[in-house]
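There are 2 protein chains.
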Amino acid sequence: MFGKNLLVRMLDRRDTLPPDEIALIEALPVRPVTFGPDEEIVREGSRPAESCLVANGFAVRNQAIREGKRQITAIHVPGDFVDLHSILLKVMDHSVSALGSCDVVFIRHKDLLTAMGGSPHLTRMLWLSTTIDASIQRTWITCLGRRSAKQHLAHIICELYVRLEIVGLASDQTFAIPLTQAELGDVLGLSVVHVNRTLQELRAKDLVSWKDRRIVILDFQRLALLADFDATYLNLFHEPR
Amino acid sequence: MFGKNLLVRMLDRRDTLPPDEIALIEALPVRPVTFGPDEEIVREGSRPAESCLVANGFAVRNQAIREGKRQITAIHVPGDFVDLHSILLKVMDHSVSALGSCDVVFIRHKDLLTAMGGSPHLTRMLWLSTTIDASIQRTWITCLGRRSAKQHLAHIICELYVRLEIVGLASDQTFAIPLTQAELGDVLGLSVVHVNRTLQELRAKDLVSWKDRRIVILDFQRLALLADFDATYLNLFHEPR
DNA sequence: AAGGCTCATTCACATTGTTTAATTGGCGAG
DNA sequence: CTCGCCAATTAAACAATGTGAATGAGCCTT
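Going down the list, the protein sequences come from chains R and E.
Sequential numbering from 59 applies to the first sequence in the working numbering.
Sequential numbering from 59 applies to the second sequence in the working numbering.
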């Protein structure tokens with residue numbers, strides 16, 4: 059129930075959900091599961107019959123490449139419909155795993171298709187959810203390709219703050235996320251050593267404090283300026299869609 | 059008409075389109091436009107009332123950042139529905155421009171919504187198109203973050219070959235694309251100089267020949283092995299969706 | 001044929017990122 | 001309490017990539 063309300067809140071922030079659509083979402087049968095740190099939620103190469111929604115905690119998508127390297131292609135926060143796209147893609151080309159302890163709910167594709175069957179607008183709202191993910195991915199591509207390590211790190215901190223704030227998990231320039239520096243490296247495409255150096259640069263400039271999985275943004279204005287951060291891509295505005 | 063048939067071919071490759079859905083697509087009113095090299099097709103920050111489909115030639119999405127740098131986040135080939143997502147996102151967070159001369163057709167969101175209104179399966183097929191784009195974007199993230207310049211270049215060459223082959227624009231290990239080394243740098247997140255160096259390495263290994271916008275893959279097997287290329291993410295299989 | 005484009009190429013050099021390895025500090029298990 | 005593990009931190013040598021300036025090759029225009 060917690061998971062479902064979160065999804066409603068995420069979607070309702072982008073466009074008003076009429077009561078019947080909220081009812082459709084809340085009536086979906088769910089299978090709640092808790093995963094421990096680093097446990098695999100969905101395996102690369104599998105053909106899921108259900109999609110999962112983060113209710114509590116964090117999940118990451120990652121693509122493994124040869125020689126044990128991996129790249130994290132997305133960080134999912136509560137309310138995110140992590141692998142909704144598997145309803146269309148069929149074969150997972152990446153895996154999803156828990157970052158810290160993570161509660162998710164699984165929803166069968168069959169039930170989602172039924173719910174969407176009679177409601178084109180609900181269908182679009184779910185489509186929107188995958189589209190916002192894609193928008194974030196484009197921004198990550200730009201960060202990886204054309205921003206310096208320092209800017210990139212600053213950018214991801216701004217993004218996480220904004221995304222967590224709207225689900226009530228960040229306030230007063232502070233949030234917590236169980237991300238080690240090694241994992242942060244897999245997000246930023248950097249080595250652990252360089253993540254550490256870069257983090258120290260931001261600390262030296264009194265922009266952030268990152269200690270024990272708790273991040274404090276000391277000066278959001280300057281951090282966003284450094285990162286060239288513009289929240290448009292997060293689509294945090296209310297529109298008929 | 060050419061554009062529409064190409065879209066049908068792209069979708070039909072992933073799942074059989076029943077005749078009524080093909081008819082719906084072919085009945086869509088289109089507005090064909092030809093753009094010259096580097097002309098802007100859709101502007102960042104705009105709120106389009108139509109989406110565009112590439113009929114002929116190539117288009118790129120790019121995100122500009124401060125100081126004139128830019129990152130290309132997608133390359134679109136004939137048959138691709140470039141900015142279908144604008145139907146949901148409303149405000150463009152990036153621009154689309156022509157790569158060489160490019161024929162596109164614009165289709166009004168209103169008409170698309172009407173066509174989808176009565177056909178949940180058609181809706182899903184269009185959703186699928188944006189989802190495959192997202193899948194390609196994830197792979198680009200991994201290339202940018204965790205592959206060397208050489209692997210990344212090899213990867214994009216493999217990807218372009220496969221994508222062009224299915225629309226009949228590549229065969230015999232050869233294809234043409236009007237991409238300068240500077241633009242390739244904006245795709246790979248590298249400087250022109252380094253693109254040039256990397257290209258020469260691939261040439262020296264007798265893997266590819268790239269001359270006058272014409273690429274010849276001399277040994278696909280070895281190139282794919284070097285790039286760690288696996289076409290799963292392109293979703294080139296036929297499934298009920 | 002001369003000039004002026006664009007693109008590809010080269011060089012020298014600066015910057016950034018990686019690798020490996022050693023060190024520190026916190027914290028839970030026994 | 002102490003051992004051992006994990007995350008974080010630091011160092012130094014090295015590799016990869018970026019920058020800026022200059023040159024060459026091809027092609028179009030005049």
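Cβ coordinates follow ideal geometry from the N, Cα and C atoms, glycine included.
What you are looking at is a predicted structure, and each value in this text was computed from that prediction instead of being measured.
Residues of chain R with a CB under 9 Å from the CB of residue i: which are they?
i	result
E/G175	P178
E/R299	I145, L146, L147, K148
Could you round the C-beta distance between residue i and residue j to whole angstroms and report it? I think they count as a contact, below 8 Å.
i	j	result
R/Q287	R/H213	Per the sequence shown, the amino acid found at residue 287 of chain R is Phe instead of Gln. Indeed they touch by this definition, with Cβ atoms about 5 Å apart.
R/V163	R/V100	Not really, about 13 Å apart at Cβ, beyond 8 Å.
R/R196	E/Q258	That belief does not hold up - the Cβ atoms of R/R196 and E/Q258 are roughly 30 Å apart, past 8 Å.
E/R128	E/D244	6 Å
R/L123	E/T200	In the sequence on display, residue 123 of chain R carries Ile and not Leu. Between E/T200 and R/I123 the Cβ distance is about 7 Å, and since that is below 8 Å, they are a contact.
R/M157	R/C216	Correcting the residue identity first, residue 157 of chain R is Leu in this sequence and not Met. Not quite, the Cβ-Cβ distance comes to about 19 Å (not below 8 Å), so this is no contact.
R/A107	R/H167	6 Å
R/L260	R/S187	That pair is no contact at about 31 Å.
R/L146	E/W185	6 Å
E/A192	R/H143	7 Å
R/Q65	R/F139	Here residue 65 of chain R is Leu; the residue named in the question, Gln, does not match the sequence. The pair is a contact, with the Cβ atoms about 7 Å apart (cut-off 8 Å).
R/S159	R/G115	5 Å
R/T232	R/I273	7 Å
E/L82	E/A173	5 Å
Which residues bound the beta strand (DSSP E) around residue i?
i	result
E/E108	108-122
R/V88	88-93
E/E98	98-100
E/I273	272-275
R/A234	232-234
E/V266	266-269
Just the chain R side, please: which residues come within less than 8 Å of residue i by C-beta, in chain order?
i	result
E/I165	Correct list: empty, because the minimum Cβ distance to chain R is about 16 Å.
E/R205	I123
Between which two residues does the alpha helix (DSSP H) containing residue i stretch?
i	result
R/R255	250-262
R/D78	77-84
R/D286	Per DSSP, R/D286 belongs to no alpha helix (DSSP H) and is neither H nor E.
R/H296	Segment: none, R/H296 is in no alpha helix (DSSP H) and carries neither H nor E.
E/D244	239-246
E/V225	Where E/V225 is concerned, there is no enclosing alpha helix (DSSP H), given that its DSSP letter is neither H nor E.
Identify the contact partners of residue i in chain E, using a Cβ-Cβ distance below 7 Å as the criterion.
i	result
R/Q129	I199, T200, G203, R204
Under 9 Å between beta-carbons, which chain E residues line up against residue i? List them in chain order, please.
i	result
R/G126	Per Cβ cutoff of 9 Å: no residues; R/G126 is ~11 Å from chain E at best.
Could you work out which residues of chain R lie near residue i, taking near to mean beta carbons separated by less than 7 Å?
i	result
E/L247	A small fix is needed here, since residue 247 of chain E is Gly in this sequence, not Leu. Ordered by position in chain R, the residues that pass the 7 Å Cβ test against E/G247 are L202, G203, R204.
Please name the residues in the segment 178-202 of chain R whose beta-carbon is closer than 8 Å to at least one beta-carbon of chain E, in chain order.
For chain E, the residues of the segment 178-202 of chain R that bring a beta carbon within less than 8 Å of one of its beta carbons are P178, T181, R182, W185, L186, T188, T189, I190, D191, A192, S193, Q195, R196, T197, W198, I199, T200, L202, in chain order.
Quick check on the DSSP output: what are the complete alpha helix (DSSP H) runs of length 4 or more inside the segment 125-193 of chain R, in order along the chain?
With a minimum length of 4 residues, the continuous alpha helix (DSSP H) runs that stay inside the segment 125-193 of chain R are 144-147, 167-175.
Name the residues in the segment 272-296 of chain R whose C-beta lies less than 7 Å from a C-beta of chain E; which are they?
Cβ contacts with chain E come from D286, T290, Y291, N293.
Residues within the segment 91-122 of chain E neighbouring chain R, beta-carbon criterion of under 7 Å
Shown in chain order are the members of the segment 91-122 of chain E whose Cβ falls below 7 Å from a Cβ of chain R: Q121.
Report the residues of the segment 138-154 of chain E with a CB closer than 7 Å to any CB of chain R, ordered along the chain.
The residues in question are H143, L146, L147, K148, V149, D151, H152.
To be precise: take each residue of the segment 65-77 of chain E, compare its Cβ to all Cβ atoms of chain R, and keep it if any distance is under 7 Å. Which residues remain?
The segment 65-77 of chain E vs chain R, Cβ under 7 Å: nothing.
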